[in-house]
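What follows is a single structure, written as structure tokens, with notes after it.
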Amino acid sequence: MNLKNVANAGSLTELSGVLQTCRAGAFQVGFFSWGFYATSPWRNYWHRHSFYEVCLAYSGAGRFSIGAEHHDVGAGDVFLARPGDVHEIESSHMDPLGIAFWGFALRAGKDGPGPGERGWWSGLTDTTRPTVSRRIGSLASLVTVLGEHAAPVRSGYESVLSGLGAALVVDTARAFAAEDDLCTRSPAATRLSPAVVAMQRYLADNLSRPMTVRDVAAAVHLSARHAERLFRHETGGSLMATLRRMRLDLGAALLLDAGTSVTEVAQACGYANVRAFSTAFRRLYGHSPLAHRALEGTVHL
């Protein structure tokens with residue numbers, strides 16, 4: 001957390017009209033305001049918004065009032081006004097408050113969370129959650145980087161700013177969410193090891209070439225025995241069985257191009273002759289390559 005860098009993020013205001021929308025998980029995000037207050041005395045009188053307004057204090061001190069609640073805030077605090085919340089911010093005269101702020105709305109898509117489902121977004125949508133937090137995570141870094149990318153606008157800015165905007169929204173919500181809402185299953189529990197991913201990639205890149213288990217193992221610097229055991233353990237299938245399936249799946253796709261002969265398809269799939277390809281194809285799909293082409297890949301049951 002480097003709040004000192006946020007003091008140089010005044011260009012954050014240049015994001016208005018530049019970063020307007022992004023996607024954060026199942027939510028469409030619309031940004032409505034980007035702002036920055038330097039360390040001089042100021043007061044933001046009672047008001048409300050139709051969107052979430054978030055302030056990150058990078059220096060000084062002040063008071064954030066929301067409804068009947070009053071909170072003393074300072075460097076390292078992030079505070080939130082939810083849609084409709086009447087609030088006021090007043091900077092200290094002796095130690096002026098410096099803030100960066102942003103405003104956005106969330107709209108859940110068709111694949112959005114169901115009733116009662118909770119997650120990172122609950123920090124925003126659950127009105128029983130606090131409005132002031134010191135769990136700012138990466139917010140200081142994100143605000144700083146967003147300021148750096150705000151101006152001048154350069155080619156590729158849409159992709160860069162969209163990713164940073166999504167990260168900002170998620171980390172904002174996390175600051176106010178309950179720890180239980182942030183618990184989720186790590187993808188590491190089901191993720192394939194780098195060696196197996198590399199073996200799958202090697203198979204896919206060399207479907208037309210003769211291949212042995214030893215060839216695949218050498219590509220990942222393992223013995224043939226170790227590579228076969230690891231691959232089978234993580235994928236449930238052997239290397240050569242997987243290779244055959246990938247070749248025949250490729251063949252099924254290539255056969256849909258009437259301009260490609262069955263011989264050319266067989267060669268592209270690593271088969272030395274049409275007979276071997278046709279036998280393997282019929283065994284897997286239940287009909288010949290020519291029948292597959294005539295059916296246009298569709299089997300009516």
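Per full-length UniProt numbering, the very first residue in the sequence shown carries number 1; after that it's consecutive. Ideal Cβ placement from N, Cα and C applies to all residues, glycine included. These figures come from a predicted structure and were not determined experimentally.
Practice item. Quickly, what does DSSP pair GLU69 with across the bridge? List them, please. Key: ILE66
Check your understanding: Between the C-alpha atoms of CYS22 and LEU164, what's the straight-line distance to the nearest angstrom?
Key -> 9 angstroms
Practice item. Rank PHE31, GLY67, GLY10 by C-alpha distance to the C-alpha of SER17 and give the top, closest one. Key: Going by the sequence as given, residue 17 is Gly instead of Ser. Among PHE31, GLY67, GLY10, the Cα nearest to that of GLY17 belongs to PHE31.
Point to revise | CA-to-CA distance, THR263 to ASN273, given in whole angstroms | key: 7 angstroms
Exercise for review: Determine the contact status of ARG185 and TRP120, defining contact as a CB-CB distance below 7 angstroms.
Suggested key: no
Review point. When you compare each of ARG107, ASP171, GLY98 to ARG43 by their alpha carbons, which one comes out closest?
Key: GLY98
Review point. Per DSSP, which one or two residues make a beta bridge with TYR45?
Key: The partner list for TYR45 (beta bridge, DSSP) is empty, contrary to what the question assumes.
Review point. Which runs of the alpha helix (DSSP H) fall wholly inside the UniProt domain "HTH araC/xylS-type" (197-295) and span at least 4 residues, in chain order?
Key: 213-219, 224-235, 239-254, 262-268, 274-285, 289-294
Review point. Helix, strand or coil: how does DSSP classify THR172 here?
Key: helix
Practice item. Round the Cβ separation of ALA24 and HIS49 to the nearest angstrom and send it over; I've been treating them as touching at under 8 angstroms. Key: Actually they are not in contact, since the Cβ atoms of ALA24 and HIS49 sit about 19 angstroms apart, beyond 8 angstroms.
Point to revise | Proximity below 7 angstroms, CB of ASP77 to CB of ALA57 | key: yes
Check your understanding: Residue range of the beta strand (DSSP E) that THR21 falls in?
Key -> 21-24
Check your understanding: Taking the DSSP output, what are the residues bridged to ARG107?
Key -> GLN28
**Study point:** Opening and closing residue of the beta strand (DSSP E) in which SER193 lies
**Key:** Careful: SER193 lies outside any beta strand (DSSP E) and carries neither H nor E.
Practice item. Could you check what DSSP says for GLY165 in three-state terms: helix, strand or coil? Key: helix
Point to revise | As assigned by DSSP and simplified to three states, the class of LEU56 | key: strand
Check your understanding: If you count every other CB in all the chains shown that lies within 10 Å of the CB of CYS183, and 16 or more means buried, which is it?
Key -> exposed
**Study point:** Segment contact, 8 angstroms Cβ cut-off, at least three pairs: the stretch 64-71 with the stretch 86-96
**Key:** yes
Check your understanding: DSSP state of VAL143, grouped into three classes?
Key -> helix
Practice item. In the DSSP assignment, find the unbroken beta strand (DSSP E) run with GLU179 in it and report its ends. Key: No beta strand (DSSP E) contains GLU179, which is instead part of the alpha helix (DSSP H) from 179-182.
Check your understanding: Around the Cβ of GLY251, are there at least 16 other Cβ atoms within 10 angstroms (buried) or fewer (exposed)?
Key -> buried
Exercise for review: For HIS87, write down the residues that DSSP places opposite it in a beta bridge.
Suggested key: HIS47, ILE66
Check your understanding: Taking one C-beta from the stretch 4-11 and one from the stretch 134-148 each time, how about it: are there three or more such pairs within less than 8 angstroms?
Key -> yes
Check your understanding: Just reading off the alpha helix (DSSP H) that VAL18 is part of, what are its end residues?
Key -> VAL18 -> no alpha helix (DSSP H), and no H or E assigned at all.
Check your understanding: If you check the beta carbons only, do PRO130 and PHE101 fall under 7 angstroms apart?
Key -> no
Check your understanding: If you check the beta carbons only, do PRO289 and LEU254 fall under 7 angstroms apart?
Key -> no
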